[in-house]
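Enquirer: Going left to right, the sequence shown walks through residues 1345 to 1426 as this note's numbering numbers them.
Glycine included, each C-beta is placed from N, C-alpha and C at the ideal position.
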Amino acid sequence: MTKKPPLHVIEGSPEQTNTDKLKKARKDNPAAAHLLTCHRCGGAEVIETKVGMIFKNGKAQGGTRQILCAGCFMKGQRVVLC
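This is the structure in structure tokens:
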């Protein structure tokens, strides 16, 4: 049998991608109390939707309001913020 060389620990960490750097920067900087950000991507752009609306007398009524992350929505993910 051939003897395998021992494994060595390499100092440092792998290079971070731009997305990882952006997420870390958003988490490190405290956001304003009124600023709504996505917990998945860190984006601050939102879309307001209403689920279960009815059309009565020519007007849209009712429905449950939800706020979605616009960045995640464009990627095909539905992330509800509040």
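1) Mind checking who Gln-1405 pairs with in its DSSP beta bridge?
2) Reducing DSSP to helix, strand and coil, say where Thr-1429 ends up.
3) Considering only the alpha carbon of each residue, which of Thr-1361, Lys-1400, Ile-1391 lies closest to Met-1418?
4) Give the single residue among Val-1353, His-1378, Lys-1347, Cys-1385 whose Cα lies nearest to the Cα of Arg-1422.
5) According to DSSP, is Cys-1382 part of a helix, a strand, or is it coil?
6) Indicate whether Pro-1426 and Gly-1387 have their beta-carbon atoms separated by less than 9 angstroms.
7) Closest to Ala-1404 by CA distance: which of Gln-1410, Ile-1411, Gly-1396 is it?
8) Distance, Cα to Cα, Thr-1363 vs Ala-1369?
Expert: Walking through what the data contain:
1) Here residue 1405 refers to the residue found at position 61 of the sequence shown. Per DSSP, Ile-1398.
2) Outside the shown range of the chain, which is 1345 to 1426, sits residue 1429, and nothing can be said about it.
3) Mapped onto the sequence shown, residue 1418 falls at position 74. Nearest Cα to Met-1418 within the set Thr-1361, Lys-1400, Ile-1391: Ile-1391.
4) To locate residue 1422, count along the sequence shown from 1; it is residue 78. The shortest Cα separation from Arg-1422 among Val-1353, His-1378, Lys-1347, Cys-1385 belongs to Cys-1385.
5) Position 38 of the sequence shown, counting from 1, holds the residue named residue 1382. Note: Cys-1382 maps to coil in three-state DSSP.
6) Locating residue 1426 in the sequence shown gives position 82, counting from the first residue. Locating residue 1387 in the sequence shown gives position 43, counting from the first residue. Residue 1426 is actually Cys in this sequence, not Pro. Contact: no.
7) Residue mapping note: residue 1404 aligns to position 60 of the sequence shown, counting from 1. The option with the nearest alpha carbon to Ala-1404 is Gly-1396.
8) What you label residue 1363 is simply residue 19 of the sequence shown in a count that begins at 1. What you label residue 1369 is simply residue 25 of the sequence shown in a count that begins at 1. Looking at the two C-alpha atoms, the distance is approximately 10 angstroms.
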